[in-house]
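J.: One structure is given below, represented as structure tokens, and several questions about it will come after.
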Amino acid sequence: MWDGSSRAEDLSPCLVHLSEDPSITRFVPRPASALPGSPAVVWAIGEARAPHYWLPRECPRIVFWANPETTADDAGRFLVPGPVRKVIAVEAAWLGRIRAATLYAYSLPNETFTLVDDQAGYFVSRDPVEPSAVAPVGDLLERIVGKGIEVRLTPRLGPLRDALVASTMGYSMIRLRNAAPG
43 MWDGSSRAED LSPCLVHLSE DPSITRFVPR PASALPGSPA VVWAIGEARA
93 PHYWLPRECP RIVFWANPET TADDAGRFLV PGPVRKVIAV EAAWLGRIRA
143 ATLYAYSLPN ETFTLVDDQA GYFVSRDPVE PSAVAPVGDL LERIVGKGIE
193 VRLTPRLGPL RDALVASTMG YSMIRLRNAA PG
């Protein structure tokens, strides 16, 4: 349980699990509801992709960035000129929930984890895992922007999803089942 003595940025570099629950003492493997028939695992995120999850769990979002395969035309179409190299797009209807949310970052020892998706930064463990530390993430939008990531509000994610899938951009689409239709 979080005792208020540390902040998310104080946690040592390792794998993290983000939750709105500050009282988790042990992560027990369970099947992913979105992947029927999948084995029971504990999910974690690598440090580089953690900002993708600094939003309420059910918040639909699209994260996108230029990668080595991205054409100059696509980079110009999706990214604004300047130092920002990554964007997290969320539906404007979620803004109030994002501002009200409190998330906790759980540091997890990486010994039993295996990387299962490099683009998304997903790691899994088939063993139960006890967190080594827990700390609040803080102001979610401030933390995301503080990492040099642009937050883009949009009425609907559907048009962006369709455009990105047809592009050369790197992307991660999270919880789109909760997005507004269209």
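Using the working numbering, the first residue of the sequence shown is number 43, and each one after it goes up by one. All C-beta atoms, glycine included, are put in the ideal place defined by N, C-alpha and C.
For the alpha helix (DSSP H) that P178 lies in, which residues bound it at each end?
T.: Taken as a continuous stretch (DSSP letters only), P178 belongs to no alpha helix (DSSP H), being part of the beta strand (DSSP E) at A175 to P178.
J.: Assess contact between the stretch 80-89 and the stretch 160-180, defined as three or more Cβ pairs (one per stretch) separated by less than 8 angstroms. Is contact present?
T.: Yes: the two stretches touch, three or more of their Cβ pairs being nearer than 8 angstroms.
J.: Within the same chain, show all residues whose beta-carbon is closer than 6 angstroms to that of L202, passing over the 5 residues directly before and after it, in chain order.
T.: So the list reads I104 and A131, once near-sequence residues are dropped.
J.: According to the Cβ coordinates, are G224 and R198 closer than 7 angstroms?
T.: Yes, the pair counts as a contact, with Cβ atoms nearer than the cut-off.
J.: Mind checking which residues open and close the beta strand (DSSP E) that includes E153?
T.: Careful: E153 lies outside any beta strand (DSSP E) and carries neither H nor E.
J.: Which class does G124 belong to by DSSP, given the choice of helix, strand or coil?
T.: G124 falls in the coil class under three-state DSSP.
J.: Look up V58 in the DSSP assignment and say whether it is helix, strand or coil.
T.: Correct three-state label for V58: strand.
J.: Looking at the structure shown, is D160 part of a helix, part of a strand, or coil, going by DSSP?
T.: It is coil, neither helix nor strand.
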